[in-house]
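Participant: Take 1 as the starting number for the sequence shown in UniProt numbering and just add one per residue.
Quick one: the structure is below, questions incoming.
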Amino acid sequence: MTAKYIALSHIVISKIEQKQLMLGQRMPAIRRFSAIHEVSITTALNCYQNLQALGWLQAKPQSGYFVTQPFGKQAKPQFPQFKTKITSPKSFGQISGAINSPFYISLIAPELIPFDAINRCIRIGNTRNQHQLHLYPEYQGQQNLRKTLAQHFSSQYFPIDMNKLIITNGCIDAVKTAIQVTTKPGDAIAISSPCFNGLIELLENLDRKVIEIPCYDSQLDLAQLKQHIKDEEISACLFSSNHINPQGICFSAKQKQQLAELAAQYKIPIIEDDIYLELSHNNANPLPIKHWDKAGWVLWCSSFSKTVSPSYRLGWCEPGRYFEQYLNDRSVQNFGINLIVQNTFCEFIYSGQYLKHLKKLKLKLNQNVRDYHKLLIAHLPKQARISTPNGGLVLWVQIPNLNSKKLLKLAIKENIYFRAGFEFSTLDLYQDCFRINIGWSINDNNDVNNTEAVNRYEQLIKLCGLIKKQIGFN
Numbered sequence: 001m002t003a004k005y006i007a008l009s010h011i012v013i014s015k016i017e018q019k020q021l022m023l024g025q026r027m028p029a030i031r032r033f034s035a036i037h038e039v040s041i042t043t044a045l046n047c048y049q050n051l052q053a054l055g056w057l058q059a060k061p062q063s064g065y066f067v068t069q070p071f072g073k074q075a076k077p078q079f080p081q082f083k084t085k086i087t088s089p090k091s092f093g094q095i096s097g098a099i100n101s102p103f104y105i106s107l108i109a110p111e112l113i114p115f116d117a118i119n120r121c122i123r124i125g126n127t128r129n130q131h132q133l134h135l136y137p138e139y140q141g142q143q144n145l146r147k148t149l150a151q152h153f154s155s156q157y158f159p160i161d162m163n164k165l166i167i168t169n170g171c172i173d174a175v176k177t178a179i180q181v182t183t184k185p186g187d188a189i190a191i192s193s194p195c196f197n198g199l200i201e202l203l204e205n206l207d208r209k210v211i212e213i214p215c216y217d218s219q220l221d222l223a224q225l226k227q228h229i230k231d232e233e234i235s236a237c238l239f240s241s242n243h244i245n246p247q248g249i250c251f252s253a254k255q256k257q258q259l260a261e262l263a264a265q266y267k268i269p270i271i272e273d274d275i276y277l278e279l280s281h282n283n284a285n286p287l288p289i290k291h292w293d294k295a296g297w298v299l300w301c302s303s304f305s306k307t308v309s310p311s312y313r314l315g316w317c318e319p320g321r322y323f324e325q326y327l328n329d330r331s332v333q334n335f336g337i338n339l340i341v342q343n344t345f346c347e348f349i350y351s352g353q354y355l356k357h358l359k360k361l362k363l364k365l366n367q368n369v370r371d372y373h374k375l376l377i378a379h380l381p382k383q384a385r386i387s388t389p390n391g392g393l394v395l396w397v398q399i400p401n402l403n404s405k406k407l408l409k410l411a412i413k414e415n416i417y418f419r420a421g422f423e424f425s426t427l428d429l430y431q432d433c434f435r436i437n438i439g440w441s442i443n444d445n446n447d448v449n450n451t452e453a454v455n456r457y458e459q460l461i462k463l464c465g466l467i468k469k470q471i472g473f474n
């Protein structure tokens, strides 16, 4: 028997398709909707949340729910299938002036950071724990923070033991230590292709080789990965599995389970960079590979860098069977993590402010990604392929015959910055692709910095014009 809220969702979708409900139209308030359809408020809320997850409704803070449509049926980016091999990573470095560009680095806009709440938590959290502030922090991280983090993830995602968590200086720091305790210089590490350029640069810095595993149809090529593992060519794997940068996809639950089982079967560590886990654009809460890790071969890493801000430099790792080695490495190379920041974020989570912030942030990102999509579809050539992420902070765009390296040079002259596709591979791939951050609003009348939002809107239109010029589009 179909649940009431599902049946009700089908009715609403039918009305939208028949234009009885128009795009942009505000839906009745939850209580009013429940009265109209003679259902409980819980059923009405479940219906709205289901329609939001399916892309038929868009929630706006303090405004309600509005009619929209799922992402269009335009073609999505294509990802190549290729024969894998060992390669050497190469970094391309930062472009001078690009770090402050809204489209270049994967970040949320400053107006989305709850500074007032965090500042209160600085005072409350550190007053409560001021007896510790004259001491060195614990190497593993303060017990209260680990306990609060474990409770948060256990209630929202999957069970975590506070005694197995280790606090780090952000996610990239957590990943770096994981690489160091599982591999040695010269070893080859499997990565997905395309791969976040920051991980490629890290691997180059640590003198590791890589084997890019094709990722197409939202799935890794497990056959090639398994063969490299059997041939003992891979010492570890380094994957993201949720709202992956740059594609925006999530691996299926089945594939995550297969990866965890593969790690256990062949005793191969998987370092999981799960920094986008909590940035779903709807109410879905995906699970990491770590959820299926029964033997401790997955080292799960994340941080607050994307959900709040990278400036606080606070992350963590659950290193599984590598716990002792991981903690020993941290104790030799670090003297603990900033205690004031640890106390602050412990209070931020414990007080419920973090969950409150995430709820608002997800709604805003849902709106942002639709705004960006709408603009790009309207102003790019028809052959453009644009990703349709259901989470994360980036869009991946592919345009046949585009040379993203040349495009970047043209754009820089106009003070426009983005990540060119070639940066996401050690191979000669993704030359016709680029990535942009969607963490900043564009042309949003409700934005507190509306003038800046309009400027970003105009910058994107100008970028679209440069693209047409670069590919000779008429």
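Glycine included, every Cβ here is placed at the ideal spot set by N, Cα and C.
Note that the structure is a prediction, hence the values are computed from the model and not measured.
Excluding the 5 residues preceding and the 5 following ASP447 in the sequence, name in chain order all residues of the same chain whose CB lies nearer than 6 Å to its CB.
Facilitator: Taking the first residue of the sequence shown as position 1, residue 447 is located at position 447. Interpretation of ASP447 is limited by its pLDDT of 48, a score under 50 that renders its predicted location unreliable; the figure taken from the coordinates is listed afterwards. Here the set comprises SER441, ALA453.
Participant: Could you check the C-alpha separation between ARG385 and GLN74 for me, to the nearest Å?
Facilitator: Numbered from 1 along the sequence shown, position 385 holds the residue referred to as residue 385. Numbered from 1 along the sequence shown, position 74 holds the residue referred to as residue 74. Their backbone Cα atoms lie some 7 Å apart in a straight line.
Participant: Let me know the secondary structure DSSP gives ASP447 once reduced to three states.
Facilitator: In the sequence shown, the residue the question calls residue 447 occupies position 447. Low per-residue confidence applies at ASP447: pLDDT is 48, beneath 50, and the placement is therefore not dependable enough to give any value.
Participant: Helix, strand or coil for PRO214 per DSSP?
Facilitator: For this step, residue 214 is matched to residue 214 along the sequence shown. It is a strand residue.
Participant: Return the bridge partner residues of SER351 from the DSSP annotation.
Facilitator: Walking along the sequence shown from the start, residue 351 turns up at place 351. The partner list for SER351 (beta bridge, DSSP) is empty, contrary to what the question assumes.
Participant: Evaluate ARG456 with the Cβ neighbour count: other Cβ atoms within 10 Å of its Cβ, from every protein chain shown; 16 or more gives buried, anything less gives exposed.
Facilitator: One-based indexing of the sequence shown puts residue 456 at position 456. By the 10 Å Cβ count, ARG456 comes out buried.
Participant: Between which two residues does the beta strand (DSSP E) containing CYS433 stretch?
Facilitator: Translated into positions along the sequence shown, residue 433 becomes position 433. Segment 433 to 437, the beta strand (DSSP E) holding CYS433.
Participant: Just the C-alpha distance for PRO110 and ASN368, rounded to the nearest angstrom, thanks.
Facilitator: Counted from its first residue, the sequence shown places residue 110 at position 110. Counted from its first residue, the sequence shown places residue 368 at position 368. Cα to Cα, the separation comes out at about 14 Å.
Participant: Alpha carbon to alpha carbon, what distance is there between SER351 and ILE461?
Facilitator: Here residue 461 refers to the residue found at position 461 when the sequence shown is read from its first residue. Here residue 351 refers to the residue found at position 351 when the sequence shown is read from its first residue. Taking the straight line from one Cα to the other gives about 42 Å.
Participant: So, for ARG321: in the same chain, excluding its five sequence neighbours on each side, which residues have a beta-carbon less than 6 Å away from its beta-carbon?
Facilitator: Counted from its first residue, the sequence shown places residue 321 at position 321. Counting only Cβ-Cβ distances below 6 Å, and skipping sequence neighbours, we find GLY296.
Participant: Taking GLY248 as the reference, give the member of ASN437, VAL394, ALA7 with the closest Cα.
Facilitator: The residue you call residue 248 lines up with position 248 of the sequence shown. The residue with the shortest Cα to Cα distance from GLY248 is VAL394.
Participant: If you follow the alpha helix (DSSP H) that GLY198 is in, where does it begin and where does it stop?
Facilitator: Residue mapping note: residue 198 aligns to position 198 of the sequence shown, counting from 1. Residues 197 to 205.
Participant: Check whether the Cβ atoms of ILE172 and GLY439 sit closer than 8 Å, and answer yes or no.
Facilitator: Within the sequence shown, residue 172 is the residue found at index 172, counting from 1. Within the sequence shown, residue 439 is the residue found at index 439, counting from 1. Cβ distance not < 8 Å, so ILE172 and GLY439 don't count as in contact.
Participant: Under DSSP, the alpha helix (DSSP H) around LEU225 begins and ends at which residues?
Facilitator: In the sequence shown, residue 225 corresponds to position 225, counting from 1. Counting along the chain, the alpha helix (DSSP H) containing LEU225 begins and ends at 222 to 230.
Participant: Using the beta-carbon count (16 or more within 10 Å), is THR307 buried or exposed?
Facilitator: For the purposes of this step, residue 307 is taken as residue 307 along the sequence shown, with counting starting at 1. When all chains shown are included, THR307 counts as buried.
Participant: Measure the Cβ-Cβ separation of THR168 and ILE337 and say whether it is below 8 Å.
Facilitator: In the sequence shown, the residue the question calls residue 168 occupies position 168. In the sequence shown, the residue the question calls residue 337 occupies position 337. Yes, they are a contact pair.
Participant: Kindly provide the ranges of any alpha helix (DSSP H) runs that are 4 or more residues long and lie completely inside the segment 361 to 416, ordered along the chain.
Facilitator: The qualifying runs are 404 to 413.
Participant: Among the residues of its own chain, which have a CB less than 8 Å from the CB of LEU202, if the five just before and after it don't count?
Facilitator: The residue you call residue 202 lines up with position 202 of the sequence shown. Cβ neighbours of LEU202 beyond the five flanking positions: ILE172, VAL175, LYS176, ILE179.
Participant: Report yes or no: do three or more beta-carbon pairs, one from the segment 392 to 407 and one from the segment 241 to 258, lie closer than 8 Å?
Facilitator: Because the criterion of three Cβ pairs below 8 Å is met, the segment 392 to 407 and the segment 241 to 258 touch.
Participant: Do LYS209 and THR84 have their C-beta atoms closer together than 8 Å?
Facilitator: Along the sequence shown, one-based indexing puts residue 209 at 209. Along the sequence shown, one-based indexing puts residue 84 at 84. No; because the gap between Cβ atoms is not below 8 Å, this pair is not in contact.
Participant: Under 8 Å Cβ to Cβ from SER279, same chain only, skipping five residues before and after it: list those, please.
Facilitator: Counting from one through the sequence shown, the residue named residue 279 turns up at place 279. Per the sequence shown, residue 279 should be read as Leu rather than Ser. So the qualifying residues of the chain are HIS243, LYS306, THR307, LEU361, LYS362, LEU365, GLY391, GLY392, LEU393.
Participant: Suppose contacts are defined by Cβ-Cβ distances below 8 Å. Is TYR417 in contact with SER91 by that definition?
Facilitator: Taking the first residue of the sequence shown as 1, we reach residue 417 at position 417. Taking the first residue of the sequence shown as 1, we reach residue 91 at position 91. No, the pair does not count as a contact, with Cβ atoms beyond the cut-off.
Participant: Is the Cβ-Cβ distance between ILE160 and GLU347 less than 8 Å?
Facilitator: The residue you call residue 160 lines up with position 160 of the sequence shown. The residue you call residue 347 lines up with position 347 of the sequence shown. Result no, Cβ atoms of ILE160 and GLU347 do not sit closer than 8 Å.
Participant: Which term fits GLU212, buried or exposed, when burial requires 16 or more other beta carbons within 10 angstroms of its beta carbon?
Facilitator: Here residue 212 corresponds to residue number 212 of the sequence shown, with the count starting at 1. Buried: at least 16 other Cβ atoms inside 10 Å.
Participant: Spatial neighbours of GLU17 within its chain, please: CB distance less than 8 Å, with the 5 preceding and 5 following residues excluded, ordered by chain position.
Facilitator: What you label residue 17 is simply residue 17 of the sequence shown in a count that begins at 1. Counting only Cβ-Cβ distances below 8 Å, and skipping sequence neighbours, we find nothing.
Participant: Is CYS250 helix, strand or coil when you go by DSSP?
Facilitator: Numbered from 1 along the sequence shown, position 250 holds the residue referred to as residue 250. The answer is coil: DSSP assigns CYS250 none of H, G, I, E or B.
Participant: Which runs of the beta strand (DSSP E), 3 residues or longer, sit entirely within the segment 109 to 188?
Facilitator: List check, beta strand (DSSP E) in window: 166 to 168.
Participant: So, for PRO77: in the same chain, excluding its five sequence neighbours on each side, which residues have a beta-carbon less than 8 Å away from its beta-carbon?
Facilitator: In the sequence shown, counting from the first residue as 1, residue 77 sits at position 77. So the list reads GLN247, ARG385, ILE386, SER387, TRP396, VAL397, GLN398, CYS433, once near-sequence residues are dropped.
Participant: If you compare alpha carbons, which of GLN265, GLN431, LEU375 is closest to ASN401?
Facilitator: The residue labelled residue 401 in the question sits at position 401 within the sequence shown. It is GLN431.
Participant: Go ahead and pull the three-state DSSP assignment for LYS209.
Facilitator: Indexing the sequence shown from 1 puts residue 209 at position 209. Of the three classes helix, strand and coil, the one that applies to LYS209 here is strand, per DSSP.
Participant: On the premise that CYS250 lies in contact with ILE271, defined as a C-beta separation below 8 Å, what is that separation, rounded to the nearest angstrom?
Facilitator: As a position in the sequence shown, residue 271 is number 271, starting the count at 1. As a position in the sequence shown, residue 250 is number 250, starting the count at 1. No, ILE271 and CYS250 are not in contact; Cβ-Cβ is about 18 Å, not under 8 Å.
Participant: Verify whether the separation of the beta carbon atoms of ASN285 and GLN156 is less than 8 Å.
Facilitator: Here the question's residue 285 lines up with position 285 in the sequence shown. Here the question's residue 156 lines up with position 156 in the sequence shown. Contact flag set, yes.
Participant: Within the same chain, show all residues whose beta-carbon is closer than 6 Å to that of residue 560, passing over the 5 residues directly before and after it, in chain order.
Facilitator: No answer is possible for residue 560: the residues shown for the chain start at 1 and end at 474.
Participant: Give the secondary structure of LEU460 by DSSP, where H, G and I count as helix, E and B as strand, and everything else as coil.
Facilitator: Numbered from its first residue, the sequence shown carries residue 460 at position 460. Three-state DSSP puts LEU460 in a helix.
Participant: Leaving out five residues before and five after ASN50 in sequence, what residues of the same chain have Cβ atoms less than 8 Å from its Cβ?
Facilitator: Residue 50 sits at position 50 when you count from the first residue of the sequence shown. Cβ within range, chain order: TYR5, ILE6, SER9.
Participant: With respect to the beta strand (DSSP E) encompassing SER96, which residues constitute its N-terminal and C-terminal limits?
Facilitator: Along the sequence shown, read from residue 1 onward, the residue named residue 96 stands at position 96. First-last for SER96: undefined, no H or E at that position.
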